[in-house]
Amino acid sequence: MKSSVGYLIDRFLKLKEERSAYVIAHYYQRPEVQDVADFVGDSYSMALAARETPCETILVAGVDFMAETAVILCPEKTVLTPEPDATCPMANDITARDILKYRERYPDSIVVCYVNTPAEVKAVSDVCCTSSNAAKIIEKMPPEARIFFVPDHHLGHNIGHRLNRSIDLYRSCCPTHEEVRTGGLLELKQRYPAAKILVHPECRPEVVDVADFAGSTRAIIEYAEASEADSFIIGTECGILHPLQKANPRKEFILATKDLICPNMKSITLEKMIYSLEHMETRVMVEESVRLKARIALERMIEYAT
Ligand code: SF4
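Counted the way our numbering counts, the sequence shown spans residues 14 to 319.
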């Protein structure tokens, strides 16, 4: 007999076909959500996938700024979210006003905004970035330029340190990645001495310092696939264990802490995705004057990162 998850998967896939919808999911989504998606990736590749699909309906299994990014880049498409309350507390920490205040003080500065921001913040920024391309983008800025990086101060600090460059930072961070501590990592390393420590650059700088590798979710997956090591301690949201285990069934992945769960990412379920396609709800909208300005920052990211 088919399990209830199996039933939901069948129901969803049938609806997806009927609606000709394209489903984009983040690596932090539940395993069954990743399994029914047409595309699973990090924030950067999700943005590119939204741009490239010929489908007129895109269902985004991710938090609100990810769906907004799809709207900004593809205004002619219908972008749906299965859970309008799935949001990112770090993205919500900053407003356009915070940036305008900084610009008043430093009018010649360059504002680099992490993709984890509302559309209004992107609209007053010069260029957007994700964790996979932030270093590459900042490297392209003139060496004498004053850079304001928003909103994740850990990511901004870690990139500045790597590039040996001073960067002004807004003070916010991801509450999920904050849970990774050096003490816990070093204890795990004692238990699994051969394991490589792989962390996301949203982690605290001291955590990045003790890691063997710090990179975006995609980069962590690529590192684990290419590595000759058999075990890895993973310092990013637990959803990444699914693609890691799928691609490397013989390797062992140990989560740095059981608290690496983003409740917003996990608020998306198959049931909500079914409802979303059944009712074509909830459509994500971005006010046109904001969208046009935010698009400039996102298109610049794509241009600089390519
Ligand atoms: S994992 Fe962190 S940065 Fe990503 S959506 Fe959740 S709170 Fe935001």
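Using N, Cα and C, we set each Cβ at its ideal position, and we do this for glycine too.
query	result
Chain-ordered residues, beta carbon under 7 angstroms from a heavy atom of the ligand SF4	41, 76, 101, 102, 103, 104, 129, 187, 188, 189, 190, 215, 250, 275, 277, 278
Residue 312 versus residue 206 - alpha carbon distance	43 angstroms
Straight-line Cα distance separating residue 150 from residue 176	11 angstroms
For residue 244, the first and last residue of its enclosing beta strand (DSSP E)	244-248
Every unbroken beta strand (DSSP E) inside the region 108-160 [3 residues or more]	123-127, 140-142
Inter-residue spacing [alpha-carbon to alpha-carbon] between residue 218 and residue 20	44 angstroms
The region 276-289 touching the region 39-58, judged by at least three CB pairs closer than 8 angstroms	yes
Which listed residue (98, 135, 93) has its alpha carbon closest to that of residue 29	93
Candidates 244, 238, 267: closest to residue 250 by CA position	267
Residue 170 in three-state terms, based on DSSP	helix
Inside the region 19-100 only - beta strand (DSSP E) runs reaching at least 3 residues	34-39, 52-54, 70-74, 91-93
Straight-line Cα distance separating residue 83 from residue 64	7 angstroms
Assigned secondary structure, residue 223 (DSSP; H/G/I helix, E/B strand, else coil)	helix
Reference residue 209; option with closest CA among 227, 230, 244, 186	244
Spatial neighbours of residue 18 in its chain, beta-carbon cut-off 6 angstroms, leaving aside the 5 residues before and after	45
Reduced DSSP secondary structure (H/G/I, E/B, other) of residue 297	coil
Simplified DSSP assignment, three categories, for residue 233	helix
Limits of the unbroken beta strand (DSSP E) element including residue 215	Residue 215 -> no beta strand (DSSP E), and no H or E assigned at all.
Distance CB(residue 273)-CB(residue 143) smaller than 8 angstroms	no
Cα-Cα separation, residue 140 to residue 259	34 angstroms
Check whether residue 293 and residue 74 have beta carbons under 8 angstroms apart	no
CB of residue 214 within 8 angstroms of CB of residue 171, strictly	yes
Check whether residue 197 and residue 182 have beta carbons under 8 angstroms apart	no
Contact belief for residue 163 with residue 119 at Cβ below 8 angstroms, rounded distance in angstroms	That belief does not hold up - the Cβ atoms of residue 163 and residue 119 are roughly 13 angstroms apart, past 8 angstroms.
C-beta atoms of residue 62 and residue 37 nearer than 8 angstroms	yes
Nearest-angstrom Cα separation, counted from residue 110 out to residue 297	23 angstroms
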